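So the structure is just underneath, and the comments pick up after that.
Numbering (the numbering used here), first residue to last: 436 to 617.
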């Protein structure tokens, strides 16, 4: 069997594929981003119902762990090598292979920040990473955290739409609409 050498570049792991470096500062960043997003939901700037921030916090309290990983490997040449996540809730329910980012069509070999987040009472208690955040600025790490949190929110919004938005108005009754015509 003949294998092209380039195939190994698609799937060969490196040090950034191993999530084993605890970083207490990432816990602080994660919780700050979480607080910022909850306050945005209560700011009145968006079309959320007044109960949306409390419902969002309730959703976060239900999360036990979030573990992100690269679709292929962290530095793969494959296009669309996005970030995925496995999510575990406090009741044991799991969501596997949840979409976080697409990774783009173009084949970037830039490693991705991977994390394993343990949560309790809606707050991060431990964040273990692949160490990539130490080669970036805290602002870059916060951006990655925000994208992750926004995708988690979208999951809950899709399942519990009425927890965030007012119900749509009832459709008009055609008979009554025709009665209004003079």
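No residue lacks a Cβ here, since even glycine has one placed at the ideal position from N, Cα and C. Bear in mind the structure is a predicted one, so any value in this text is a computation, not a measurement.
(1) If the criterion is Cβ atoms closer than 8 Å, does the pair residue 564 and residue 554 meet it?
(2) For residue 588, does the three-state DSSP call read helix, strand or coil?
(3) According to the neighbour-count rule (16 or more other Cβ atoms, all chains shown, within 10 Å of its Cβ), is residue 520 buried or exposed?
(4) Determine the direct distance from the alpha carbon of residue 613 to that of residue 474, and round the result to whole angstroms.
(5) Measure the alpha-carbon distance for residue 578 versus residue 526 and round it to whole angstroms.
(6) Quick check for students: name the residue ranges of the alpha helix (DSSP H) that lie wholly in the stretch 464–496, counting only runs of 4 or more.
(7) Roughly how many angstroms lie between the CA atoms of residue 462 and residue 478, to the nearest whole one?
(8) Can you check the stretch 520–582 for any beta strand (DSSP E) of at least 3 residues that lies completely inside it and give the ranges in chain order?
(9) Say whether chain B places a C-beta atom closer than 8 Å to the C-beta of residue 576.
(10) For residue 601, which three-state DSSP category applies?
(11) Tell whether a beta-carbon distance below 8 Å holds between residue 601 and residue 472.
(12) Rounded to whole angstroms, what is the Cα-Cα separation between residue 557 and residue 584?
(13) If you follow the alpha helix (DSSP H) that residue 612 is part of, which residue opens it and which one closes it?
(14) Please classify residue 594 as buried or exposed, where buried requires at least 16 neighbouring CB atoms within 10 angstroms.
(15) Work out the CA separation of residue 552 and residue 455 for me, nearest whole Å.
(16) Out of 616, 617, 592 and 588, state which residue places its alpha-carbon closest to the alpha-carbon of residue 501.
Quick answer:
(1) No. Outside cutoff.
(2) In the three-state reduction of the DSSP assignment, residue 588 falls in the helix class.
(3) Under this definition residue 520 is a buried residue.
(4) A straight line joining the alpha-carbon of residue 474 with that of residue 613 spans about 45 Å.
(5) Here the C-alpha atom of residue 578 lies approximately 29 Å from the C-alpha atom of residue 526.
(6) Runs found: 487–496.
(7) Our two residues, residue 462 and residue 478, have alpha carbons roughly 24 Å apart in a direct line.
(8) As far as the stretch 520–582 is concerned, its whole beta strand (DSSP E) runs of at least 3 residues are 529–534, 550–555 and 558–564.
(9) Of the protein chains in the structure, only one exists, and it is not chain B.
(10) Residue 601 falls in the coil class under three-state DSSP.
(11) Contact flag unset, no.
(12) Across the structure, residue 557 and residue 584 are spaced so that their CA atoms are roughly 12 Å apart.
(13) The continuous alpha helix (DSSP H) containing residue 612 extends over residues 609–615.
(14) Taking all protein chains in view, the Cβ of residue 594 is surrounded by fewer than 16 other Cβ atoms within 10 Å, so the residue is classified as exposed.
(15) Taking the straight line joining both Cα atoms gives about 11 Å.
(16) Its Cα nearest to that of residue 501, the residue 588 stands out among 616, 617, 592 and 588.
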